[in-house]
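Trainee: Attaching a single structure in structure tokens format; questions to follow.
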Amino acid sequence: DSGVTQTPKHLITATGQRVTLRCSPRSGDLSVYWYQQSLDQGLQFLIQYYNGEERAKGNILERFSAQQFPDLHSELNLSSLELGDSALYFCASSEQTDTQYFGPGTRLTVL
Amino acid sequence: AQSVTQLGSHVSVSEGALVLLRCNYSSSVPPYLFWYVQYPNQGLQLLLKYTSAATLVKGINGFEAEFKKSETSFHLTKPSAHMSDAAEYFCAVSTNVRNQFYFGTGTSLTVIP
């Protein structure tokens, strides 16, 4: 158990819909990272937050957004969903310059 | 810029045989290097990490990796494969700037009984 929690575990929705994925980092970790893992594109870095502020952006679509709240949990919002958004979404957390610890992931299925 | 190349997307070994998973990195600054393992339907779990201390790093489950600067490599090895080692393995490089990770495309390890 990494100490990072993600909810929900599974999410099934329809094209065009909007969903929110939630992540609680390890106690004391200020950084949160979001990744997308799909069969065709592998593990893709989406975005990083540090203590509530966006720190780095990766291959994140404009339809996707994230935020980190004062209690350090983070949410990833995915809107106007397409079939190709079906993937595993991972959250990871770390201290400022240390190992990233991954949550168990949320499996999103868009029908 | 940083990047990681994992040679071989699929590796098969017999139970009890040596496991060797290859990782080469590119980094403009001294890197931090990591190996993660992902079992089916689970998140990534840290196996080991190199952060500029000893070049031979020992991790969990009998795995180890050696940092070779001259070869820009960080290959993962295990002397004797076990059935439970079957999983996806990811190499990653990071720097001390923003702690952004760059992952390789992963190597799927199959262990044949």
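So the sequence lines, in the order shown, correspond to chains A and B. Numbered according to the working numbering, the first sequence terminates at residue 1472, and the numbering increases by one at each position without gaps. Numbered according to the working numbering, the second sequence terminates at residue 467, and the numbering increases by one at each position without gaps. Every residue, glycine too, gets a C-beta built ideally from N, C-alpha and C. Here the structure is a predicted model, which means the values were calculated and not measured.
#1: Could you give the residue range of the beta strand (DSSP E) that holds asparagine 1412 of chain A?
#2: Report back the beta-carbon spacing between leucine 1437 of chain A and phenylalanine 1451 of chain A to the nearest angstrom; my notes put them in contact at under 8 Å.
#3: Quick one: Cα of threonine 431 of chain B to Cα of threonine 1470 of chain A, how far?
#4: Just how far apart, CA to CA, sit leucine 1439 of chain A and alanine 1375 of chain A?
#5: May I ask you to list, following chain order, the residues of the stretch 420-435 of chain B that have a beta carbon less than 9 Å from some beta carbon of chain A?
#6: Identify which residue in A:Arg1387, A:Gly1377, A:Tyr1396 has its Cα closest to the Cα of histidine 1433 of chain A.
#7: For the candidate residues B:Gly370, B:Ser380, B:Leu463, B:Ala435, whose alpha-carbon lies nearest to that of valine 478 of chain B?
#8: Give, in chain order, every residue of the stretch 1399-1420 of chain A whose Cβ lies closer than 9 Å to some Cβ of chain B.
#9: Under a CB-based cut-off of 7 Å, is threonine 1460 of chain A close to chain B?
#10: Determine the chain A residues that contact phenylalanine 469 of chain B at a beta-carbon separation under 9 Å, and present them in chain order.
#11: In the DSSP assignment, find the unbroken beta strand (DSSP E) run with serine 1363 of chain A in it and report its ends.
#12: Please tell me whether threonine 1366 of chain A and serine 1392 of chain A are closer than 7 Å, where the distance is taken between their beta carbons.
#13: With DSSP as the reference, label leucine 430 of chain B as helix, strand or coil.
#14: Counting Cβ pairs, one atom from each stretch, are 3 or more of them under 8 Å apart for the stretch 1411-1418 of chain A and the stretch 365-372 of chain B?
#15: Starting from the C-beta of arginine 1468 of chain A, find all residues in its chain whose C-beta is less than 6 Å away, skip the five residues before and the five after it, and write them out in chain order.
Mentor: According to the structure data:
#1: That residue, asparagine 1412 of chain A, is in no beta strand (DSSP E); it is neither H nor E in DSSP.
#2: Actually they do not touch by this definition, with Cβ atoms about 10 Å apart.
#3: 35 Å
#4: 12 Å
#5: none
#6: Note on residue identity: the sequence assigns leucine, not histidine, to residue 1433 of chain A. Of the candidates A:Arg1387, A:Gly1377, A:Tyr1396, the one whose C-alpha sits nearest the C-alpha of leucine 1433 of chain A is A:Arg1387.
#7: The requested residue 478 of chain B does not occur in the structure, where chain B is confined to residues 355 to 467.
#8: The residues in question are Gly1403, Leu1404, Gln1405, Phe1406, Gln1409, Tyr1411, Arg1416, Ala1417, Gly1419.
#9: Chain B contact via Cβ: present.
#10: Beyond the ends of chain B as shown, which are 355 and 467, falls residue 469 of chain B; an answer cannot be given.
#11: Element bounds for serine 1363 of chain A: n/a, residue is neither H nor E.
#12: no
#13: strand
#14: no
#15: His1371, Leu1449
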